[in-house]
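Student: So in UniProt numbering, spot 96 of the sequence shown is number 96, and the numbers just go up one at a time.
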Amino acid sequence: MYKRDLSAFPWNSLISGYAELGRYEDALALYLQMEEEGVEPDQFTFPRVLKACAGLGSIRVGEAVHRDIVRRGFVLDGFVLNALVDMYAKCGDIVMARKVFNKIGVRDSVSWNSMLTGYIHHGLMVEALDIFRGMIDDGFEPDSVAISTILSKFSSSKVAFEVHACVLRRGHEQSLSIANSLIALYSSKESWMKHAGCLTRWWTGMLSLGIL
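#1: Report yes or no: do three or more beta-carbon pairs, one from the region 48-67 and one from the region 86-98, lie closer than 8 Å?
#2: Which value, in whole angstroms, describes the spacing of the CA atoms of VAL85 and GLU40?
#3: Measure the Cβ-Cβ separation of ILE178 and ILE136 and say whether it is below 9 Å.
#4: Mapping DSSP to helix, strand and coil, what is ARG23?
#5: Figure out for me which residue from GLU35, PHE161, GLU37 and THR45 has the closest Cα to the Cα of LEU14.
#6: Determine the extent of the alpha helix (DSSP H) in which ARG133 is found, giving its start and end residues.
#7: Round the Cβ separation of LEU116 and ILE104 to the nearest angstrom and send it over; I've been treating them as touching at under 8 Å.
#8: Confirm, please, whether the CB-CB distance from SER152 to SER187 is below 9 Å.
#9: Might you give, ordered along the chain, the residues of its own chain that have their beta carbon closer than 7 Å to the beta carbon of SER16, omitting 5 neighbours on each side?
#10: Output the distance between the C-alpha atoms of TRP11 and ASP26, rounded to the nearest integer angstrom.
#11: Is the beta carbon of PHE79 less than 9 Å from the beta carbon of GLN43?
#12: Name the two residues that bound the continuous alpha helix (DSSP H) containing ALA8.
#13: Is ASP143 near ASN102, with beta carbons less than 9 Å apart?
#14: Which residue comes first and which comes last in the alpha helix (DSSP H) that contains GLU141?
#15: Specify the secondary structure class of TYR186 as computed by DSSP and reduced to three states.
#16: Given this structure, state the Cα-to-Cα distance separating ALA184 from ILE120, to the nearest angstrom.
#17: Going by CA-CA distance only, name the one from ALA128, ASP68 and PHE74 that's closest to ILE150.
#18: Report, in whole angstroms, the separation of the C-beta atoms of VAL61 and LEU28, which I expect to be a contact under 8 Å.
#19: If you draw a straight line from the alpha carbon of GLY139 to that of LEU21, how long is it in whole angstroms?
#20: For the alpha helix (DSSP H) that ASP86 lies in, which residues bound it at each end?
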């Protein structure tokens, strides 16, 4: 007799495929269908479903999925919590994103970068800088997009030079997006004169790497 496969694996693969293709409504429809057919979602299902919610920008659907996560006992899973932070940030509820972030017991680089990019997206640069410093203190690396955005937003203050020092210490100067932000940072006459030594060292390093 044929035995129906109740594993979440094939469903997860299909949901992930639809989400990657930007077919977010189809991904969510599959999630509903798997529940109707008695297939239990697992810790790999929810991040894919939350990605679809974020893609649609649907906070209402995202909140419903969050309730499912709590009901099914995945509320302490770091992978799921990271996806929740990303979903809430992209759907416009940055306060809830931070609440979820605060509940993550062991944060990884994805946790920090999701919260960082969320604050940047909402224009909350003071909060973004606080997260930026916090993740560095905890030994995690901000990604190149986050670094270049912070450099551009704080280009007229000493904060940008603090970030530049971090870039040099961690060897991120070869990133093209960061290089472009640094060029913009030092484009004013005052910055060129005040930070000429630091700029010269950076420029020489870029030339030696063949970036410029």
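No residue lacks a Cβ here, since even glycine has one placed at the ideal position from N, Cα and C.
Tutor: This is what the structure gives:
#1: yes
#2: Here residue 85 refers to the residue found at position 85 of the sequence shown. Here residue 40 refers to the residue found at position 40 of the sequence shown. The alpha-carbon atoms of VAL85 and GLU40 are separated by roughly 23 Å.
#3: On the sequence shown, position 178 is the one that residue 178 refers to. On the sequence shown, position 136 is the one that residue 136 refers to. No; because the gap between Cβ atoms is not below 9 Å, this pair is not in contact.
#4: On the sequence shown, residue 23 is found 23 positions in, with the first residue counted as 1. Here ARG23 sits in coil by DSSP.
#5: By 1-based counting over the sequence shown, the position of residue 14 is 14. Nearest option by C-alpha distance: THR45.
#6: The count along the sequence shown starts at 1 and reaches residue 133 at position 133. Counting along the chain, the alpha helix (DSSP H) containing ARG133 begins and ends at 125-137.
#7: Within the sequence shown, residue 116 is the residue found at index 116, counting from 1. Within the sequence shown, residue 104 is the residue found at index 104, counting from 1. Contact doesn't hold; Cβ gap of about 14 Å is too wide.
#8: Within the sequence shown, numbered from 1, the residue matching residue 187 stands at position 187. Within the sequence shown, numbered from 1, the residue matching residue 152 stands at position 152. Cβ atoms of SER187 and SER152: not closer than 9 Å.
#9: If you number the sequence shown from 1, residue 16 lands on position 16. ARG48.
#10: Your numbering for residue 11 matches position 11 in the sequence shown. Your numbering for residue 26 matches position 26 in the sequence shown. If you take the alpha carbons of TRP11 and ASP26, they lie about 12 Å apart.
#11: As a working mapping, residue 79 is identified with position 79 in the sequence shown. As a working mapping, residue 43 is identified with position 43 in the sequence shown. Yes, they are a contact pair.
#12: Counted from its first residue, the sequence shown places residue 8 at position 8. Per DSSP, ALA8 belongs to no alpha helix (DSSP H) and is neither H nor E.
#13: As a first step, residue 143 must be located in the sequence shown, where it is residue number 143. As a first step, residue 102 must be located in the sequence shown, where it is residue number 102. Result no, Cβ atoms of ASP143 and ASN102 do not sit closer than 9 Å.
#14: As a working note, residue 141 is residue 141 in the sequence shown. No alpha helix (DSSP H) contains GLU141, which DSSP labels as neither H nor E.
#15: Here residue 186 refers to the residue found at position 186 when the sequence shown is read from its first residue. Note: TYR186 maps to coil in three-state DSSP.
#16: The count along the sequence shown starts at 1 and reaches residue 184 at position 184. The count along the sequence shown starts at 1 and reaches residue 120 at position 120. Using only the alpha carbons, I get a separation of about 18 Å.
#17: Against the sequence shown, residue 150 aligns to sequence position 150. Minimum Cα distance to ILE150 is reached at ALA128.
#18: Here residue 61 is taken as the residue at index 61 of the sequence shown, counted from 1. Here residue 28 is taken as the residue at index 28 of the sequence shown, counted from 1. VAL61 to LEU28, Cβ: 7 Å. Contact.
#19: Walking along the sequence shown from the start, residue 139 turns up at place 139. Walking along the sequence shown from the start, residue 21 turns up at place 21. Going by the C-alpha atoms only, they are around 34 Å apart.
#20: Here the question's residue 86 lines up with position 86 in the sequence shown. Residues 78-90.
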